[in-house]
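With our numbering as the guide, the letters of the sequence shown map in order to residues 1 to 128. All C-beta atoms, glycine included, are put in the ideal place defined by N, C-alpha and C. Here is the structure we will look at.
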Amino acid sequence: MIDRIATTAAIAVRQAGAYTDLIQSDLEASSRLVRRRVALGALAVLAIQSLVLVLSVSAIALSWSTGYRLWVVGALGVLFAGVAVVAAWRLNALEATAPAVFQRTADEWAKDRRVLEELLARQQAEAR
Numbered sequence: 001m002i003d004r005i006a007t008t009a010a011i012a013v014r015q016a017g018a019y020t021d022l023i024q025s026d027l028e029a030s031s032r033l034v035r036r037r038v039a040l041g042a043l044a045v046l047a048i049q050s051l052v053l054v055l056s057v058s059a060i061a062l063s064w065s066t067g068y069r070l071w072v073v074g075a076l077g078v079l080f081a082g083v084a085v086v087a088a089w090r091l092n093a094l095e096a097t098a099p100a101v102f103q104r105t106a107d108e109w110a111k112d113r114r115v116l117e118e119l120l121a122r123q124q125a126e127a128r
């Protein structure tokens with residue numbers, strides 16, 4: 001009985017070490033991906049913001065001395081609101097399909113938990 005408990009404890013300790021390695025791997029992969037996304041996203045936002053600013057000012061300047069000035073300003077406002085709504089909708093869709101942060105770890109943990117439960121049940125059945 002003591003040998004079985006020692007074996008089970010050794011398995012549990014090895015599994016804990018494996019979980020630590022798996023969690024570390026998940027964190028490293030996630031942090032690299034997040035850093036890249038943030039850097040590229042910030043660059044894209046700045047470039048798009050500059051482009052939109054220049055185009056908006058140009059459109060307003062070209063229509064300033066005409067009767068369409070208010071229509072241009074209103075159309076730009078509607079356009080920006082539409083872009084914001086579509087962006088929010090896409091962000092929600094993207095978040096809905098994103099995997100959990102520690103999904104691989106959780107999957108492996110569930111598999112290992114089932115195996116350990118089977119081993120413990122088998123040991124208890126043999127002990128009876």
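Close CB contacts of Q24 within its chain, under the 6 Å cut and outside five residues either way in sequence, are absent. When only Cα atoms are considered, V73 and V83 end up about 15 Å apart.
Leaving aside the five residues that flank A127 on each side, none in its chain has a CB nearer than 6 Å to its CB.
Collapsing the DSSP output to three states places Y68 in coil.
Residue environment: T105 is assigned as buried (16 or more neighbouring CB atoms within 10 Å of its CB, all protein chains considered). The Cβ-Cβ distance between S56 and L76 falls below 8 Å. Short of 6 Å from the beta carbon of A18, and not among the five residues preceding or following it, lies no beta carbon of its own chain. Straight through space, the alpha carbons of V34 and G41 are spaced by roughly 10 Å. The DSSP-derived three-state label of R128 is coil. The continuous alpha helix (DSSP H) containing A10 extends over residues I2 to S63. The residue among R69, L53, V54 and Q103 with its C-alpha nearest the C-alpha of S30 is Q103.
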